[in-house]
Every structure is written in C-alpha cells, then in structure tokens.
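Written out as structure tokens, the structure is:
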C-alpha cells in the first residue's frame, strides 16, 4: 500500500524526465520520484525515451489514485525538449517543477580506452539533454515568475573513478545547476541538484551484474561494503525524498545547492 503523503506538493505540477526505468528487482530514481511527488499531491507528466516505460510509471501513479500522464521524448533532440514543454502546458496548465533525471554510462571507461562515439553519446544525454530541457522550460517559468528545477547528479562528479565521460557529464550537471540558480534567481526560479552515491537501483545493480557476469547479490554485497553509513547502499526513495525537499516550498530559500545523498561516501572522498 502506498504511503500517505502530507500534501507538500498540493496543487503543483511536475515534469519528471527519466521517469521510466530499466528492468530490475528494485525501483529506479525516476519512478520513485514520480510516485512520491504524486503522493504529495502533484500532477505529474512522466517522460522517458522509451514510451512504454513512461506509461508503466504513470499507470503506477494512477493505480494509487494520483494524476499522471506519459510522454515519449528523446532529450538529446531540441524538438523533443520543446514537445515536453508543450505537452506539459497542454495537460498541466503550467510547470511548477522540473526534475531532470537522465544518465547513461554504457561504453564508458578510462580516458585511454573509451571510444569517441560512447563519449559523445554519454555527454549528449547526461549533460546536453539536461540543458536542452532546462532551456525549453525556463521561458515558461520566467513567465510564471516561479519554478523549481531539480537535477539528479552523482557522486561521480567529484570522486575519481574509471568512467571518464560519466564523471565529466555529472560534474557538468553541477555547474549547470549553479549557473541556472544564479542566472534565474531574479525571476523566482530555484535550481538545485541531488548527488546520490551508491544506490540500489535497476540501472546500477542489474546493469553492473549484466556487464560483469556477476549475480545481483554479489554486486549488492560489494557495493554495500563500500558505504560508511550502515554498510548498505541507499535506495531510489532516498533520492526521491531529497528531491522532494528541494522541489517543495520548504526549500524556498535554497538554490544552487548540491545535496549529497551518499551514506557518507562524499566525506570519505573529501
């Protein structure tokens, strides 16, 4: 049974980009945010590159009594970014909150290994895609003189690893967040980021297991052991609740923040 919300987003409209998810045993960040925001009273537009996955999330929201519709869109295309805004305005009337939850890492690796095509694709989705959707939404929010944008970043933005394109893209997301926060503050628009660490999501656990030939249980055990707080990964709900705070009026005086949700891993990195 769904947890009952407290109406923290009552009357608000939300666009969740990346609301679908890959198959797996757990829930992904985008789906968790769509469900949680709807439970808190928001009407939600669920956007994903694969329309069926967006509709699956929207159907789950509706099954709980929430208001959600689905849209298929490719954030790497300016025309699709524009269609997200047009659809949101047509179905929701306004856009109070935008959640940019996009991120891929397929084909990534160290700087001396990764192929140019993979590098370009990762940057196009993870960074350019966020910018294109944000660019399309900003005129609407500026006209409203209000809006909240939440970008989903990653601890990889500041922790050196073996995925050069992903790390660069998420570092770019943090700078995009800061830029939008400062350039749009006078228009009543806030922009913040959630920076998750190791999370138990289908994209992470099932994706790594599939690529490495290990079981999901083995992947979970290895990742859990790396987390200082409780020796256990976070879940998509941890990301979702952080995003909810940043999107809500409770954070009305918060902009340009990058909120770590990582069980202390960022402290270890320094």
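Numbering (our numbering), first residue to last: 11 to 280.
Virtual Cβ for every residue (Gly too), placed ideally from N, Cα, C.
All values derive from a computational prediction rather than experimental measurement.
For the 8 angstroms CB-CB criterion, residue 244 and residue 209 form a contact. Here residue 95 is buried, its C-beta having at least 16 other C-beta atoms within 10 Å. Closest by C-alpha distance to residue 267, out of 123, 185 and 141, is 185. For residue 54, the three-state secondary structure derived from DSSP is strand. If you check the CB distance, residue 238 and residue 275 come in under 8 angstroms. Proximity to residue 79 across 134, 91 and 65 peaks at 65, based on C-alpha coordinates. Contact check for residue 165 against residue 206 passes: the beta carbons are separated by less than 8 angstroms.
Between residue 87 and residue 136, the C-beta spacing is not below 8 angstroms. Annotation for residue 215: no beta strand (DSSP E) segment contains it, and DSSP assigns it neither H nor E. In the structure shown, the three-state DSSP call for residue 260 is helix. Under the DSSP assignment, residue 82 falls in the beta strand (DSSP E) whose first and last residues are 77-82.
Of the candidates 91, 153 and 175, the residue whose Cα lies closest to the Cα of residue 196 is 153. Taking the Cα positions, residue 29 is about 8 angstroms away from residue 68. Sixteen is the threshold: when 16 or more other Cβ atoms of the shown chains lie within 10 Å of the Cβ of residue 129, as they do, the residue is buried.
Annotation for residue 265: 191, 195, 200, 201 and 202 place their beta carbon closer than 7 angstroms to its own, counting only its chain and skipping 5 residues before and after.
Annotation: the continuous alpha helix (DSSP H) that includes residue 149 extends over 139-154. For residue 183, the enclosing alpha helix (DSSP H) begins and ends at 174-194.
As far as DSSP is concerned, residue 123 takes part in no beta bridge. If you draw a straight line from the Cα of residue 227 to the Cα of residue 26, it comes to about 30 angstroms. The beta carbon of residue 61 lies closer than 8 angstroms to those of 80, 81 and 82 in the same chain, with the five residues before and after it left out. Beta-carbon to beta-carbon, residue 132 and residue 114 are separated by about 6 angstroms, close enough to satisfy the 8 angstroms threshold. In this structure, DSSP gives residue 243 a state outside helix and strand, which the three-state scheme calls coil. 46 is the residue among 40, 32, 38 and 46 whose C-alpha sits nearest the C-alpha of residue 258. Under DSSP, the beta-bridge partners assigned to residue 200 are 158.
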